[in-house]
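Have a look at the structure below, then the notes.
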Amino acid sequence: MPLGAPFKSIAVWDGVEERFRRRLALWKRQYLSKGGRATLIRSTLLNLPIYLMSLLCLPSSVRRRLEKIQRDFLWGGGNLERKPHLVRWELVCLSKKKGGLGLKCLSILNKALLAKWNFRFANEREALWNQVIRGKYGEVRVGWCSLEVREPHGMGLWKGIRMDWELVSDRMVFIVGNGRRVRFWRDTWCGDSPLCVSFPSLFALTADKEAWVADIWDPLAEGGWGGWNPCFLRAFNDWEVEEVERFLGRLHGKRVLENVEDTVSWTETKSGKFSVKSLYCALEAGGSSLFPSNYIWHVNVQPKISFFAWEATWGKALTLDMVQKRVWALANRCFMCLEEEETIDHLLLHCSRTRILWDLLFTLFGVTWVLPSLVRETLLS
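Using our numbering, read the sequence shown as starting at 25 and increasing by one per residue.
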């Protein structure tokens, strides 16, 4: 993006949209199978708009136009012709494991890319850009994030990034160093939840609910080894002793390191480092937990065959029953057996002509099996 560019203007995205149209030109679709089209869409999305989407909020109008370019390229159609889009776009944009094609949802990808700056703001306190942001907007939570931008007009660059701070804060934990920037009771630093949530009755009795970890740590306790010394308003009753023991067990092994700064760790990756992919997967919703993706995509066949198997598994192949649902007046009869209505499950499993092939395969491999009613159930079983 050139210096001084009007980043709040939709015109900033004109170059991205133009390159999208050029890479996904409809004439290219004629020479590619649907599997090949999906592959080209994925590569186009990864190469073209990522830089801008990692800095700016993607306007809804631009997102809709970019998605239409992708849909028309995948399924066909455009301004001059209409072709059926067999599977809704929300399902297409799911990961293959959840039953989609593995294309990226632009709005979720944009949020995940912008969220990276919030995580970097929490960790890169000495960076020049961080100091500029803190100098302009101020900071809260002792510098883990900036103040929320509340300018009376416009849409500042950082304002769009700061809006999604909660997406990051809900998925990070604190790594205690000197303990001066981590709250003992309210921050997630000891276990998977804050101590005020894990031990609500003890939290109600504490003398200082906003204490820092450094305030509770006594470096001279236990003969100079250091230990925890939280202050409570009264002595514990007999029935509270068990919870106190669990509380002390949670703290066991945790120490304050005087010369080490507090940091944050990302919970969605094993390494604790933020990744756009991990946040995207966390934000991705829907789909099916029982989808035979391994038998569709992880096999040594051409992409167009895998794509057809994907359509058939969802029951969305363009058979006569699907054509009838789109208000086209056609007689629905299987052209192979001339006995039943044509559906994808009938064509691939239950047609009398198809059953001849199945019986031949079963005999060849010595298998005795009753075919399920659906293609999806067949692959899952």
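C-beta: ideal position from N, C-alpha, C; glycine also.
Simplified DSSP assignment, three categories, for residue i
i	result
residue 167	helix
residue 393	coil
residue 213	coil
residue 343	coil
residue 293	coil
residue 352	coil
residue 230	strand
residue 281	coil
residue 78	coil
residue 365	coil
residue 322	coil
residue 84	helix
residue 220	helix
residue 42	helix
residue 398	coil
residue 7	Any answer about residue 7 is impossible in this case: the structure gives the chain only from 25 up to 405.
residue 370	helix
residue 310	coil
residue 114	helix
residue 148	coil
residue 404	helix
Opening and closing residue of the alpha helix (DSSP H) in which residue i lies
i	result
residue 300	300–307
residue 263	Taken as a continuous stretch (DSSP letters only), residue 263 belongs to no alpha helix (DSSP H), as it is neither H nor E.
residue 49	Note, residue 49: premise wrong, no alpha helix (DSSP H); not H, not E.
residue 8	The chain is shown only over 25 to 405; residue 8 falls outside these bounds and no answer can be derived.
residue 359	Taken as a continuous stretch (DSSP letters only), residue 359 belongs to no alpha helix (DSSP H), as it is neither H nor E.
residue 34	Segment: none, residue 34 is in no alpha helix (DSSP H) and carries neither H nor E.
residue 120	That residue, residue 120, is in no alpha helix (DSSP H); it is neither H nor E in DSSP.
residue 408	The structure shown does not extend to residue 408, since the chain is modelled only from 25 to 405, so the question has no answer here.
residue 127	Run containing residue 127: none; DSSP gives neither H nor E here.
residue 57	Residue 57 -> no alpha helix (DSSP H), and no H or E assigned at all.
Bounding residues of the beta strand (DSSP E) (the contiguous stretch that carries residue i)
i	result
residue 334	Premise fails: residue 334 lies in the alpha helix (DSSP H), 327–337, not in any beta strand (DSSP E).
residue 288	287–290
residue 198	196–199
C-beta neighbour in chain D for residue i, strict 8 Å
i	result
residue 207	You won't find chain D in this structure, because it holds only one protein chain.
Burial state of residue i, where buried means 16 or more other Cβ atoms lie within 10 Å
i	result
residue 211	buried
residue 335	buried
residue 391	exposed
residue 366	buried
residue 221	exposed
residue 333	buried
residue 255	exposed
residue 224	exposed
residue 39	exposed
residue 329	exposed
residue 197	buried
residue 243	exposed
residue 159	exposed
residue 317	buried
residue 353	exposed
residue 357	exposed
residue 75	exposed
residue 88	exposed
residue 112	exposed
Integer Cβ distance of residue i from residue j, believed to fall under 8 Å
i	j	result
residue 371	residue 378	7 Å
residue 311	residue 126	About 11 Å separates the two Cβ atoms, so there is no contact after all.
residue 280	residue 247	Not quite, the Cβ-Cβ distance comes to about 16 Å (not below 8 Å), so this is no contact.
residue 41	residue 90	6 Å
residue 180	residue 170	Not confirmed; about 11 Å, so no contact.
Which residues DSSP lists as bridging residue i, in chain order
i	result
residue 315	Answer is none; residue 315 lacks a bridge partner.
residue 252	241
residue 207	236
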